[in-house]
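Colleague: Mapped onto mature numbering (1 follows the signal peptide of the UniProt record, and there is no 0), the consecutive letters of the sequence shown carry residue numbers -18 to -1, 1 to 617. Would you mind keeping the following structure in view while I ask a few things?
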Amino acid sequence: MKIKILALALLSAIGVQAQVKSSGYIPQDANFVYKINTNNILKKVSLETLESYAFMQDIAKEISNRKTTQISALGLDFSQSFNQFVVMQGENAKMGFNFAIKDLEAFFTNTSLPKSVWIDLKDSGVAFHHSMVYVLRDDILTMMSVQVDHSKVRDYSDSIFDANGWDKGYYYDSYSYDYDEEAVEEVYEVYEEPSISEDYDLAVPPMEEPEAEMEAEISIEEEEEVAEVNYTPKHPNFYDFQDSVRKAWKQVALSKAADEITSGVQFKGEALDFLNTEKDANLYLLQKLPNMDHLLPMMARELNMPKDLLKKLLEMSEGNEVFSSFDFTDEGYAFTTTMHYNGIFENIANLVEYDKVEKKLLNYIPGNSKGYVLLNNNSYETYEAIKAELIPDLENSENPAENSVAYVWYALDNFMDMEAFYQAFPSELVFSYNGFTDQKVKRVRYTYDEDFNYTRTEEERMEKLPSFSLAMYTEDATFLEKTLNYLTSTFGEFIEKTDDYYIIHTPSMPNVYVRLQGEFILASNDIAHVTTHANGYGKEDGLAKAEIKTLKKVKGIYAKMDYGAVMQSIPAEMMGDRAHLEMMQYMPYMGVVTLTQMIEKGEAQLNLNYDMKSEAPNGMYGALNLIELFFNNNN
């Protein structure tokens, strides 16, 4: 027994060491890392099974330049993870990935890497090729490329040309020359065609016998010596100079990147601990804005916002951290994301509150719903939290534009009763897709005669269209009621009121029906939602008890969609025979998606689960079968 425990402990230690080995070559300042734990994945599907799929054989063929169709022949070590990373560092962005190699000879024989790279890696462990650097250490191959900031290259080139007084010219000006040649005027002889008169003898004269000896007279005219054009460039072409600066900066950045990888300084801390958790894939993101100085003016103009204020708002997201993990489960797939807020967003997140879900609101979700969203948030408290954080910051700014925003915001907040507004329109609602139903639609037809004069006729008919319904909880519907009454009296052609509900007419679209039912606002393009089900769908037509029990606990957002039911709800005649047949092929892989999102203890939590309906042993097999089907249908 002790021997078994010792063996298990040893295997676990080896597994952990293997995990850390490849992640040990992630740059320490990486702000994006995506890790695929191939060792975990191959526990859910064997390598032999993986290689039996046509799309995997095609991938191996592409990687190996058509030398093999088996990924096992590439010499890769699947017991370690594949890591992709991005580093935003000053003006440069470094992008790369690394993986373990167990057979170097097989890898370089069966991949399309240049021979020079292979030679340099064997000699020194570092190789440069075009805009890539390759580093081989401990059988871990790291590949990186560098992207330098174009605006910095342009500004530097501008400063050099301006300092020397050089003309930048145009893009297609390859060179700038001094032309020393003089213009030479060419003289053309005027050719006159001889005229033929009536008495002209057209007879062919007899050919004379050639003289025995005829001395050919050959006159050779001396060619006029043309002065050679002196092409003397004034200065480098501006755009060629930019390219040379960019290449030089890239080379320096690549050399520095290679030194960092070989220095032994590792990516570490909470992020590395998270990446090494036993999930099929993990993602870490530290929000860091690139240099956006050249984009800000355009963005500010599009958003009609002061540039400095926009920059400040974008900078607020700096430092937020995202931790995401993905797993193939027995039922399908599971995706989890946690966002750690920093700075102002952290303060706002700590102030966010949730009310209890209004129980009666859940009665407005039909039991046959194909997909729905429940939103439960205290919008007024959220608004107050944002205001408490941003207004003082804007007021204390030295930027006049930010001071103006603070003043206008403060004025509007005092002149308007924001609490009453959020009571009238709180963010507590349900929205549902209920499949296709017969709906009344007004269509306009134009008939033309032989003189192209047209006759306009309107007709109403029933059509099968997607049905949507909305129910919103409100503490006071007075404001909305007065608004609808005003619109009815002013725009009676587009909106009318019956005894119990309002009808909004939309051109060439189904009507939208709105009803104020006590403390609920109902809206739908299906009249039954505001008439037959004005008080909810009840026990028979509503959701099951277990589902309602889950929804009562929701804080934030809860969404659910049955993809199979959504696809089946679309009428076959609307899709066409071919599209419908193709859709039916994918039906075994459709499933139910549930998503929850909430903010708690200063962190945003998002969970997504996909329960597939296929008979595959697990989510990995289901995903592979789905990709294989898609691959075969498109090849």
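Using N, Cα and C, we set each Cβ at its ideal position, and we do this for glycine too.
Pull up the distance between the alpha-carbon of Y213 and that of I142, whole angstroms please.
Modeller: Because Y213 sits at a pLDDT of 48, beneath the cut-off of 50, its placement in the model cannot be relied upon, and the point is left open.
Colleague: Would you mind working out which of T244, N264, I243 and G246 sits nearest A253, comparing C-alpha positions?
Modeller: The option with the nearest alpha carbon to A253 is N264.
Colleague: By the DSSP assignment, the alpha helix (DSSP H) with I609 in it spans what residues?
Modeller: I609 -> alpha helix (DSSP H) spans G601 to N615.
Colleague: How far does the alpha helix (DSSP H) with L271 in it extend, from its first residue to its last?
Modeller: Segment: none, L271 is in no alpha helix (DSSP H) and carries neither H nor E.
Colleague: Between which two residues does the beta strand (DSSP E) containing G520 stretch?
Modeller: Not the beta strand (DSSP E): G520 falls in the alpha helix (DSSP H), residues G520 to D523.
Colleague: I'd like to check one pair, D121 with A82: are the Cβ atoms closer than 8 angstroms?
Modeller: Going by C-beta atoms, A82 is nearer than 8 angstroms to D121.
Colleague: DSSP three-state call for K446: helix, strand or coil?
Modeller: Strand, per DSSP.
Colleague: Have a look at G524 and D312 and give me their C-alpha separation to the nearest angstrom.
Modeller: Their Cα atoms are separated by approximately 30 angstroms.
Colleague: To the nearest angstrom, report how far apart E585 and E300 are at their CA atoms.
Modeller: Going by the C-alpha atoms only, they are around 15 angstroms apart.
Colleague: Can you check DSSP and say which residues form a bridge with A453?
Modeller: In the DSSP output, where bridge partners are listed per residue, A453 has V412 and L504.
Colleague: Quick one: using the 10 Å Cβ neighbour count with 16 as the cut-off for buried, is G558 buried or exposed?
Modeller: G558 should be labelled exposed.
Colleague: Could you check which residue in M321, L533 and S379 has the C-alpha nearest to that of K342?
Modeller: Looking at the Cα atoms, L533 is the closest of the given residues.
Colleague: If you draw a straight line from the C-alpha of F37 to the C-alpha of F613, how long is it?
Modeller: For F37 and F613, the distance between alpha carbons rounds to 6 angstroms.
Colleague: Counting C-beta neighbours from all protein chains within 10 Å, is the total for A230 16 or more, i.e. buried, or is it exposed?
Modeller: Flag for A230 reads exposed.
Colleague: By how many angstroms is the C-alpha of F64 removed from the C-alpha of N80?
Modeller: One C-alpha to the other measures close to 6 angstroms.
Colleague: Helix, strand or coil for V548? Go by DSSP, reduced to three states.
Modeller: If DSSP states are grouped into helix, strand and coil, V548 belongs with the helices.
Colleague: Of all the options G314, T318 and M298, which has the alpha carbon lying nearest to the alpha carbon of S307?
Modeller: The residue with the shortest Cα to Cα distance from S307 is T318.
Colleague: What do you reckon, are the CB atoms on A453 and L411 nearer than 8 angstroms?
Modeller: Taking 8 angstroms as the Cβ cut-off, A453 and L411 qualify as a contacting pair.
Colleague: Residues bridged to G78 by DSSP?
Modeller: According to DSSP, G78 bridges with F67 and M126.
Colleague: Quick check on the DSSP output: the alpha helix (DSSP H) that includes M398 runs from which residue to which?
Modeller: Per DSSP, M398 belongs to no alpha helix (DSSP H) and is neither H nor E.
Colleague: Shorter than 8 angstroms from the beta carbon of Y354 to some beta carbon of chain B?
Modeller: As a matter of chain content, chain B is missing from the structure shown, which is built from one protein chain.
Colleague: Suppose the cutoff is 6 angstroms on Cβ atoms and the five residues either side in sequence are ignored; what does the same chain contact list for A505 look like?
Modeller: These residues qualify, in order along the chain: L452 and V496.
Colleague: What residue does the beta strand (DSSP E) around N589 start on, and which one ends it?
Modeller: Looking at the DSSP string, the run of the beta strand (DSSP E) that includes N589 is E585 to M594.
Colleague: Pull up the distance between the alpha-carbon of F434 and that of Y346, whole angstroms please.
Modeller: Cα-Cα distance, rounded: 51 angstroms.
Colleague: Classify T480 as helix, strand or coil using the three-state DSSP reduction.
Modeller: Residue state, collapsed to three classes: coil.
Colleague: Could you tell me the distance, in whole angstroms, from the CA atom of N302 to the CA atom of L268?
Modeller: Computed Cα separation, rounded: 6 angstroms.
Colleague: Mark A42 as exposed unless 16 or more other C-beta atoms lie within 10 angstroms of its C-beta, in which case mark it buried.
Modeller: The residue is buried, with at least 16 neighbouring Cβ atoms inside 10 Å.
Colleague: Going by the beta-carbon positions, is the gap between N92 and S61 smaller than 8 angstroms?
Modeller: In this structure, S61 does not lie closer than 8 angstroms to N92 by Cβ.
Colleague: Once you ignore the five residues that flank S98 on each side, which residues in its own chain have a CB closer than 8 angstroms to its CB?
Modeller: Counting only Cβ-Cβ distances below 8 angstroms, and skipping sequence neighbours, we find A109 and H111.
Colleague: Tell me, please, which residues DSSP counts as bridged to A541.
Modeller: Answer is V355 and L577.
Colleague: Excluding the five sequence neighbours on either side, which residues of its own chain have a C-beta within less than 8 angstroms of the C-beta of R136, listed in chain order?
Modeller: The residues are Q224.
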